[in-house]
Amino acid sequence: MPFFKKKNTESFINGSLDFKQLVDATHFLENHPDAVYTLNLEGQIVSYNQKLSLLLGYGGKKLHHQHFSEFITSAEAKRIAPLKQRALTGETVHFTAEVTHHDGHLLTMNVTNIPIYQNHVIIGVYGIARDITQHVQLRLQHTRLSAKEQLTASLPGLAFLEYETKQDRLALSAHFASLLDISQHRLASLDYGEFLLEIHPEDRSRFKTFLTLLRTGEPAVSGSFRMNQTRDYAQDVTCQGLRSEDGNQELFSFLFQAVAKPAAEHGSDRAIQPEEIRKLSLYDEVTGLPNRTLFLEEVEHLIRTDHPFTILSLDFNQLHQINEQIGYDIGNQWLRQTSHYLAEKLPDLYCARLAGDHYAALSTEPFDEVALKETCLHLLTLNTMRFQIEGYELAAELAIGLSPFQHDETTATELLHTANRALSRAKLKIQPSYEFYTSQLDLEIYRRHQLEQSLRHAIEQDELFLEYQPKVDIWSGQILACEALIRWDHPEWGRIPPQDFIPLSEEGHCYLPIGEWVLDTVCQTIQSLLQQRVPVVPISINLSSNQLLHRDFLQTIRTCLHRYQVPARYLQLELQESILLHESEFVKETLQQLHQLGIQLILDGYGSGVSSLSSLRSYPISSLKLDRSFVAQLEEDDRSVPLIKSIVYLAKEFQLSVVAEGIETLQQLDQFRDFECHSVQGYLFSRPVGIEALRLLLKQGVLQPVESMKKSPKKPLPSLHGLISITRLNGKDVNVGASPVLITRSTNRSVHFYASIRLPVDHQIELSLQLTDIVHPKTLIEPLAVTELDNGLFHYSADYKIRAQSGQIMKALETSEQLKLDEFFLLS
9 MPFFKKKNTE SFINGSLDFK QLVDATHFLE NHPDAVYTLN LEGQIVSYNQ
59 KLSLLLGYGG KKLHHQHFSE FITSAEAKRI APLKQRALTG ETVHFTAEVT
109 HHDGHLLTMN VTNIPIYQNH VIIGVYGIAR DITQHVQLRL QHTRLSAKEQ
159 LTASLPGLAF LEYETKQDRL ALSAHFASLL DISQHRLASL DYGEFLLEIH
209 PEDRSRFKTF LTLLRTGEPA VSGSFRMNQT RDYAQDVTCQ GLRSEDGNQE
259 LFSFLFQAVA KPAAEHGSDR AIQPEEIRKL SLYDEVTGLP NRTLFLEEVE
309 HLIRTDHPFT ILSLDFNQLH QINEQIGYDI GNQWLRQTSH YLAEKLPDLY
359 CARLAGDHYA ALSTEPFDEV ALKETCLHLL TLNTMRFQIE GYELAAELAI
409 GLSPFQHDET TATELLHTAN RALSRAKLKI QPSYEFYTSQ LDLEIYRRHQ
459 LEQSLRHAIE QDELFLEYQP KVDIWSGQIL ACEALIRWDH PEWGRIPPQD
509 FIPLSEEGHC YLPIGEWVLD TVCQTIQSLL QQRVPVVPIS INLSSNQLLH
559 RDFLQTIRTC LHRYQVPARY LQLELQESIL LHESEFVKET LQQLHQLGIQ
609 LILDGYGSGV SSLSSLRSYP ISSLKLDRSF VAQLEEDDRS VPLIKSIVYL
659 AKEFQLSVVA EGIETLQQLD QFRDFECHSV QGYLFSRPVG IEALRLLLKQ
709 GVLQPVESMK KSPKKPLPSL HGLISITRLN GKDVNVGASP VLITRSTNRS
759 VHFYASIRLP VDHQIELSLQ LTDIVHPKTL IEPLAVTELD NGLFHYSADY
809 KIRAQSGQIM KALETSEQLK LDEFFLLS
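Just so we're aligned, residue 9 is where the sequence shown starts under this note's numbering, counting upward by one.
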C-alpha cells in the first residue's frame, strides 16, 4: 500500500494526514534515525519502529496498544499531560521527558509530538523521541567536575577523584597528571584498575577498604598512601573520602594532597627546573595533550625500533570560525571538548594536538585496513553530535587522513606530511570522511595546492562567473525561479567544478569576498533584467554558515539591494542544514530579519543531515530542496520512495514547498509527479546557462523536458587499469604522483579513458599514461576533449605523442577483463 495517497480534491486539504496510511508506513518508520511512534487519542501506541522498542529495552516484545503512561512515572505523566493536550489541540510540541527503561533505569528523551489530522479532525499524535541521557549525564558530570577543579586549582599538590562503582566510571582531576608524572592523555585513559596500580602494592588494600566503608554507610574516611609508579611510589599523599552529596549510593569522592618532602630528599628547585620546563614545552596548555614536538619524538622512536604504526591526522575544521565569530574563550572550550571526545573514542591510541583543532593519533598495531576503517567510522560519528558550549550548539566537520609506516627510510615529519596529504583529500569529499595515503593522491594534492594559490586572486583577475539554472513547475514547465551557480575558469586548469573550489574558499578564508561578489553580481543581473523589461523570477544564491554567522552579513544584503534598487522578493537564499545546527539566537534573529525584508529562505540538500521537519518551525523557511542523493538512489533503491513521499507530504503540513534537484530523466520526472512534488530543477529542463541564454529562457517562460545528460556506461566495458600523471604544464616540467584511470578504447592515433579528476584540455598540458602491470613503459599523450558524466566522473580522449606506442595498449585491450565503471572507481 502506498505511504501517502492523495484523496479526491473535495475531501483533501493541506494540513491533513491520513492516519490509517501512516500506520502502514513501515519503511518510513524503520528508516527514521530516531525512535518514531504514533498514539491514538487515548494515548495508546498504534505503530512504532524498532528503535523505540530497543531504546526502551523491550526487544521483540510488542508495544502495540500499551499506554504511553506505562513508560513514565506518575509524577512525570502529570507534568507532561498539558504538553500532550497542546498537541491534541493542533500544536506541534517539543519537550524533555524522563522515561523508564524496561530494566528500571531512567532515560532522558527529547520528544516532539505532531498532531495527526483526518477529515479536518485530530485523531492522534505522531511522535519522535531522541535519547539524550548520556549527553545530559556528561553535561552534569562536566559541570560538577569543573566546579571541583576550580576549587582545587589554587591549592598546590591537591587533586580529586570521583568513582562510580555501578558504572565502573573513574574521573580524575587534571592535577593528577603532575602528581603521578603522566601525561593528560594518559590520565584521561586511566581506568579504576590502572589507577590502583599507581598506589603502592602494600597500600592498595587500604584504599579498597575505604571504598567498602563508604558503600556500607560510613560518611567519610581518611588516611595516607604511597603513590607514583614512575618514581617507585616515592610520592606520599593524604586522602579523604566522602559519599556523594546528591544521594547517589554508588558515587564516591576522594581528595588527594601531596605531602611535601624535605629538599634534601628530592633536590633543590633549581635541580628540577629544566625537567619542568621540558614538560611545559612538550604538552599543549589548553588540552593537556602532547604537542607536535613530542608526537614527532614518539614517531621517531617507533621508526628507530622498526615498530609497525599508522598515523591518523584529524581535523575538526571549526576553530578558526569559532574564534572569529564567537570568541576565543569558546574556542578554548571547543578544544577541550574535542580533545576529550577524541581521547574517549581512541582510548588505545596516542593522541596529540598539532595546531588549531588539528590533532594526530598513533595506532601502534600492525597495519589492518579493515580495523582502521572501523576506527575512522567510529570517529566520524562525532560529526553527528552537537557540542554544547555556553548556549551554543556547535557541529564538527571532522576529516581523517591515514598514513601507515612502510618500514622504509622515511622520517617522522615526512610521514606526518603524507597523513596530512590524505587528510586534504578526505576534505575534498562531499561529506568529510577519511582517506588512506597512497602515491596516487599526489596528483590531486598538487592540483589542490595550485588551486589554493590561485583562488585568492580569482575575483580581481575576472576568472569567476555565474551561470543560472531554472526551477520549473513540475507539470507545466513554467519557470518559477533560478539558482545562481558560481563557476571558475582557471587560466591553467580550465573549468573548475564548484565542489572542488568552494571547500577551498572556506578553508582559505576567502569565502566572504567571493560571497559578496556573488551577491553583487546577482543583484546586478536582476537590475539588468528589470531595466530590459524581461520577465523576472526570483534568483537564489547559496549561503555558507560562515557568511551567515558574520556580523556584517545582514547589512551587506541591505546595502546591495539598495545599491541596485532590487526588490527583496527577487532574492532567495539557499541555506545548508548545517547552519541550523548552531541553533543560536543570532542565527534565528538574522534569518527572521531576512524574512522580514521579503527574502525567501530555502533549505538546500534536505535529507542529508539531521534536521527534522518539526525543528524547522523555529525558522522562517519557505521551501525545501531535496538532497540530490534521493533522486540518484530512486532507480536502485525502492526504499527511498516512502521516505520521499513522507517528506513531501509532511512538508505540505508545514506549508513548505518542495523542489527536487538533479532531475535528468523523464522517468525521474514522472516519479516526482507521483510524489506530488511542487517543482524540479535539473538537466532534463535546462543546463546551467549564461546571462544571455537566461534572458531568452525567461522570455520563453516555459521549458519542455528533454533528456540530454550524457550517461555513464552501466554495462561492463573491456578495460585496462592505468595511472595518469602530469609531466608538463604551461611549458614547465612537472613531477607529481599519479591518479587511477580506466582505459576503454584505443586506436593507433588516440586513446579513451575515464578518470575521477578533471584536468585541463589544451596543448599546454602533457600527460603520461601507464598500465598498472608496470611491464609497459609510460606513454605520453595530449588530452583533446573531456566530458563530465552524470555520476561525476570524466571521459577523456587524447592523442598519442608517439603513435608507435599505441600498439601496446591496443594489444592489451584485446585480452582485457570487463569491468563496470562505477565499481572500478569505488575500489580505487
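Don't be surprised by glycine CBs; every beta carbon is placed ideally from N, CA and C.
Please classify residue i: does DSSP put it in a helix, a strand, or coil?
i: residue 5; result: Since the displayed the chain opens at 9 and closes at 836, residue 5 lies outside it and no answer follows.
i: residue 70; result: coil
i: residue 641; result: helix
i: residue 267; result: coil
i: residue 518; result: coil
i: residue 685; result: coil
i: residue 430; result: helix
i: residue 761; result: strand
i: residue 306; result: helix
i: residue 317; result: coil
i: residue 183; result: coil
i: residue 678; result: helix
i: residue 476; result: strand
i: residue 206; result: coil
i: residue 491; result: strand
i: residue 440; result: coil
i: residue 338; result: helix
i: residue 553; result: helix
i: residue 660; result: helix
i: residue 740; result: strand
i: residue 508; result: helix
Tell me which same chain residues have a C-beta within less than 7 Å of the C-beta of residue i, skipping the five on either side of it?
i: residue 116; result: 104, 106, 140, 141, 144
i: residue 299; result: 290, 291, 292, 360, 361
i: residue 351; result: 193, 196, 197, 359
i: residue 278; result: Low confidence applies to residue 278: its pLDDT is 36, below 50, so where it sits in the model is not reliable enough to give any reading.
i: residue 241; result: 208, 234, 235
When you compare each of the options to residue i by their alpha carbons, which one comes out closest?
i: residue 764; options: 754, 796, 740; result: 796
i: residue 503; options: 612, 232, 306, 793; result: 793
i: residue 810; options: 766, 790, 825; result: 790
i: residue 204; options: 464, 380, 234; result: 234
i: residue 456; options: 442, 510, 258; result: 510
i: residue 265; options: 74, 825, 181, 459; result: 181
i: residue 604; options: 580, 611, 584, 612; result: 580
i: residue 466; options: 487, 681, 495, 213; result: 495
i: residue 578; options: 506, 563, 536; result: 536
i: residue 66; options: 96, 108, 95, 341; result: 108
i: residue 315; options: 367, 373, 345, 336; result: 373
i: residue 63; options: 75, 42, 80, 77; result: 42
Once you ignore the five residues that flank residue i on each side, which residues in its own chain have a CB closer than 8 Å to its CB?
i: residue 730; result: 748, 749, 750, 751, 761, 777, 778, 779, 780
i: residue 46; result: 27, 30, 31, 53, 54, 55, 56, 124, 132, 133, 134, 135
i: residue 224; result: none
i: residue 5; result: Shown here, the chain extends from 9 to 836; a query on residue 5 therefore has no answer.
i: residue 754; result: 760, 814, 817, 818, 821
i: residue 614; result: 585, 632, 633, 634, 635, 655
i: residue 772; result: 500, 737, 738, 739
i: residue 485; result: 693, 710, 711, 712, 713
Going by beta carbon distance, what residues of the same chain come within less than 6 Å of residue i, once the five residues before and after it are set aside?
i: residue 627; result: 599
i: residue 706; result: 542, 543
i: residue 73; result: 52
i: residue 641; result: 648
i: residue 91; result: 101, 103
i: residue 555; result: 523, 561
i: residue 670; result: 636, 639, 690
Tell me, please, whether the CB atom of residue i is closer than 9 Å to any CB atom in chain D?
i: residue 380; result: The structure shown contains no chain D; it holds only a single protein chain.
Should residue i and residue j be called a contact, given that it needs their Cβ atoms to be closer than 9 Å?
i: residue 549; j: residue 492; result: yes
i: residue 188; j: residue 243; result: yes
i: residue 263; j: residue 185; result: no
i: residue 611; j: residue 583; result: yes
i: residue 553; j: residue 411; result: no
i: residue 295; j: residue 343; result: yes
i: residue 307; j: residue 424; result: yes
i: residue 393; j: residue 407; result: no
| query | Hey, which unbroken runs of the beta strand (DSSP E) at 3 residues or more fall wholly within the segment 592-618? | reply | Uninterrupted beta strand (DSSP E) stretches at least 3 residues long and entirely within the segment 592-618 occur at 608-614, given in chain order.
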